[in-house]
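Reading through the structure tokens given below for one structure.
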Amino acid sequence: MTGLVVHSARKLDADGLVDDFWFVSDERTIVATGHGTGWHAAAQGAGREVVDAGGHWLTPGFVDLHCHGGGGHPFDDGPEQMLEGLATHRSHGTTRSLVSHVANPLASLRESLSIVADLAASDPLVLGSHLEGPFLAPERRGAHDATFLRDPGPEMVEELLGAARGTMRVATIAPELPNALETIGVLIEAGVTVSVGHTSADYEQTVRAFEVGARMLTHAFNAMNGIHHRAPGPVVAAFDNPDVTLELILDGLHVHPKVADMMFGSAAGRVALVTDAMAAAGAHDGDYRLGSLNVTVRNGLAVLSGTSTIAGSTLTQDVALRNAITLVGLDPVRAVEAVTLTPARALGEDHRLGRLHAGYAADAVILDHDWTVRRVFADGLALV
């Protein structure tokens, strides 16, 4: 096969709904779209796979900015585990992913970043790394091992950037730490998107981080100060800045649906749904590891063993999309935008990911009426 024809779909992307939609891809890229019967000519004798969507929803492939594992496989246990975990998320519609790293010894982080660099070189669906630890506030560390937290420093960052070989795409940092603002500058100069998170910063400190170039907020409301009437905190600082993307873990556990609704209203087009998934996503309840820490999963809630501290999620992006529509009541177009174009834009990839347009990657998901994934395509090839 040299391409793909998908037809008879209800297309949903950030640009709206189109019934009886079709697209044609040539190898990895969408080359034509339309509605009605125009797909017939493209399907004749071109060696393309023809897929009848049967009137089901068709969205762009999902993009996940924040993920630590899935299918029983943690991302910090080597390339085989990473690939198995990614396969689980791909089966749920996530066609492009960052691999996220919790705080670990610096040597371990360098090794993990190097592994992801190798994967990204061979697999275009791996967009690179998200360095979540170690530059985090100890009192807001969540499920990161306090032993491995570090104050940021340019030399240390240069070592990690060197290990990543140009594939570190996002780095989380608590801006109140010593040398944090200088370090943000080093990361930005290297082409890394800096995200504020795991922080005790107040509104003013967060505004300053955004002024020097930070452009994301890591899992908004979680591991940071909330909104107080006399202390607006990091979330309001992110609401106020039109250049900032806010991550949201929409599993119904991390953030109440009513608060999620407020986020979508206050930062329209800037909320990116993420999984922050650990190994139990797409798997089962039980005992797991997240970095060096033990995690217990019961009824889908992951906590550090013996505590009530949430340790990532068991979420997949299709469930996040469904929750946005059914729990929050979000318009489906806006919900799809939050798992496609918004995260793509946060990485500067919105010129090729996040829309079903000619010139964009042939990444697509077919979902039935209750938002359950039926088929997944990435780079013009069927994954599911």
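In the working numbering, each residue's number is its place in the sequence shown (first place is 1) plus 382. Note that the Cβ used here is the ideal one computed from N, Cα and C, for glycine as well.
How close, in whole Å, do the beta carbons of residue i and residue j come, if the pair is a contact with beta carbons under 8 Å?
i, j, result
"M660", "V677", "6 Å"
"E629", "T588", "In fact, because the Cβ distance is near 14 Å, the residues do not count as touching under 8 Å."
"A760", "D745", "5 Å"
"V679", "D667", "5 Å"
"L386", "W439", "Contact doesn't hold; Cβ gap of about 17 Å is too wide."
For the beta strand (DSSP E) containing residue i, name the first residue and the last one.
i, result
"S511", "V508 to L513"
"M606", "Unbroken run through M606: none, as it is neither H nor E."
"N676", "L675 to R680"
"I631", "T627 to I631"
"A391", "G385 to D395"
"L440", "W439 to P442"
"V400", "G398 to D408"
"I692", "It is not in any beta strand (DSSP E) - I692 carries neither H nor E in the DSSP assignment."
"A654", "V653 to V656"
"D669", "G668 to L672"
"V701", "Where V701 is concerned, there is no enclosing beta strand (DSSP E), although the alpha helix (DSSP H) it sits in stretches over Q699 to T708."
"V685", "L683 to L686"
I need the straight-line Cα distance from residue i to residue j, nearest angstrom please.
i, j, result
"S451", "A423", "Residue 451 is actually Gly in this sequence, not Ser. Distance between the alpha carbons of G451 and A423 is about 42 Å."
"A502", "F444", "17 Å"
"G475", "V766", "9 Å"
"I692", "D643", "22 Å"
"L729", "L509", "9 Å"
"G437", "V755", "14 Å"
"E431", "I555", "45 Å"
"N681", "T689", "15 Å"
"I566", "S577", "9 Å"
Would DSSP call residue i helix, strand or coil?
i, result
"H448", "coil"
"M550", "strand"
"V433", "strand"
"A743", "strand"
"A728", "helix"
"L518", "coil"
"V484", "coil"
"S582", "coil"
"V594", "coil"
"A764", "strand"
"G711", "coil"
"T722", "coil"
"T477", "strand"
Cβ of residue i within 7 Å of any heavy atom in the ligand GTP?
i, result
"T477", "Although the ligand GTP was asked about, the structure shown includes no ligands whatsoever."
Flag residue i as yes if its beta-carbon sits less than 8 Å from any beta-carbon of chain B, otherwise no.
i, result
"G548", "Among the chains in the structure shown there is no chain B, since it carries only a single protein chain."
Is it the case that the Cβ atoms of residue i and residue j are separated by a distance below 8 Å?
i, j, result
"R716", "F646", "yes"
"A591", "L563", "yes"
"V484", "V498", "no"
"R522", "T581", "yes"
"G453", "A665", "yes"
"R472", "V758", "yes"
"R492", "P516", "no"
"V327", "A740", "What the structure shows of the chain is the stretch from 383 to 766, and residue 327 is not part of that stretch, so it cannot be assessed."
"R671", "P534", "no"
Need the endpoints of the alpha helix (DSSP H) that residue i sits in, please.
i, result
"L465", "P461 to S473"
"G615", "G615 to D622"
"F646", "P639 to S648"
"R757", "Run containing R757: none in the alpha helix (DSSP H); it sits in the beta strand (DSSP E), V755 to A760."
"H422", "W421 to A425"
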